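Note that the numbering used here has the sequence shown beginning at 478, numbered continuously upward. Positions of the beta carbon are idealized from the N, C-alpha and C atoms, including for glycine. Source: prediction; values computed, not measured. All remarks here apply to the structure that follows.
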Amino acid sequence: MPELPEVETIRRTLKAQILNASITGVEVLWPKSLANITAGELAAAVEGQKVSELCRRGKYLILDIAGSGFLVVHLRMTGRLVVCHRPRPDDHPVDVHTRVIFHLSGPDSESRELHFIDQRKFGRLWWARDEEQLASIVDLGPEPLSDDFTAAYLQEVLSKGRRNIKAILLDQSKIAGLGNIYADESLYLAGIHPARSGSELTEEETGRLWHSIRSALEKAIENGGTTFRDYADGEGRSGRNQDFLQVYGRGGQPCYKCGSRLERIRVAGRGTVFCPRCQI
Numbered sequence: 478m479p480e481l482p483e484v485e486t487i488r489r490t491l492k493a494q495i496l497n498a499s500i501t502g503v504e505v506l507w508p509k510s511l512a513n514i515t516a517g518e519l520a521a522a523v524e525g526q527k528v529s530e531l532c533r534r535g536k537y538l539i540l541d542i543a544g545s546g547f548l549v550v551h552l553r554m555t556g557r558l559v560v561c562h563r564p565r566p567d568d569h570p571v572d573v574h575t576r577v578i579f580h581l582s583g584p585d586s587e588s589r590e591l592h593f594i595d596q597r598k599f600g601r602l603w604w605a606r607d608e609e610q611l612a613s614i615v616d617l618g619p620e621p622l623s624d625d626f627t628a629a630y631l632q633e634v635l636s637k638g639r640r641n642i643k644a645i646l647l648d649q650s651k652i653a654g655l656g657n658i659y660a661d662e663s664l665y666l667a668g669i670h671p672a673r674s675g676s677e678l679t680e681e682e683t684g685r686l687w688h689s690i691r692s693a694l695e696k697a698i699e700n701g702g703t704t705f706r707d708y709a710d711g712e713g714r715s716g717r718n719q720d721f722l723q724v725y726g727r728g729g730q731p732c733y734k735c736g737s738r739l740e741r742i743r744v745a746g747r748g749t750v751f752c753p754r755c756q757i
């Protein structure tokens, strides 16, 4: 599933191509991709309107449709948003898994399309008519790369209850945008065992974890996100961060730091890879 770095990379690449473009038409090829609006209602809301801004909250991409509302996209497992230029070359037909197509024009003279592609059909699009409805759809904790996410905030979140640290990191109401990949990577960088109770962490350990979360996310954004199979940015390009992962997806392989065999267990219902020597 695309996490914060992947969605942020998509936002940046799409913004360079569709900001201030006008939506001239909408094709809904699989109506169930729309969570709270019909195809006709969506067309009526967005056609003739401009994409005035592209934002991100956690794993959600938000298109601000000037004068109308907000289009909210969650890619889930296999969703992608890719710009296709028109006319389409004969050797580049519409992807068979395309669910929604937005036809765009301007601000230059080039016509293009924004394709929502989703092989497994888990991704969803919501329509929010105003900021109040948007807030109800995207109800999340602070952004881990924002000023609101401080070491003190993380300490407060960890100190409540006895949940394991990984479960807390995956809780979107506490921290927006972290998923399995970057939870594992952050805990490894901080030297913290994923099954430990969050309330056990010392102030020094919490500070290390806070720094590691930000470092892992910033590095992944710099590398264009992590691609294993489905993820691609708004121009259809794969990420490079998979080449730099320290533990995620490497169960049974040697730790880059100490050479110990990385173990794979289940924590918070998720497959989790860690180093039994480096993470305590």
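- Counting the other CB atoms within 10 Å of its CB gives H562 a total below 16, which places it among the exposed residues.
- Secondary structure remark: continuous alpha helix (DSSP H) runs of at least 4 residues inside the region 670-710, in chain order: 680-699.
- According to DSSP, residue pairing for F579 in a beta bridge involves V503 and L591.
- Inclusion of T749 and K643 in the CB contact set at 8 Å is warranted, their separation being smaller than that value.
- Listed in chain order, the non-local C-beta contacts of H551 below 7 Å within the same chain comprise K536, Y537, G600 and R601, local neighbours out to five positions each way being set aside.
- Annotated three-state conformation of Y537 is strand, per DSSP.
- Under DSSP, E740 takes part in a beta bridge, and its partners are F751.
- Residue pairing for R601: DSSP places it in a beta bridge opposite H551.
- Looking at the DSSP output, I542 shares a beta bridge with V528 and G546.
- Shortest Cα-Cα distance from E633 to any of E695, G728, E504 and W687 involves W687.
- The DSSP-derived three-state label of V615 is coil.
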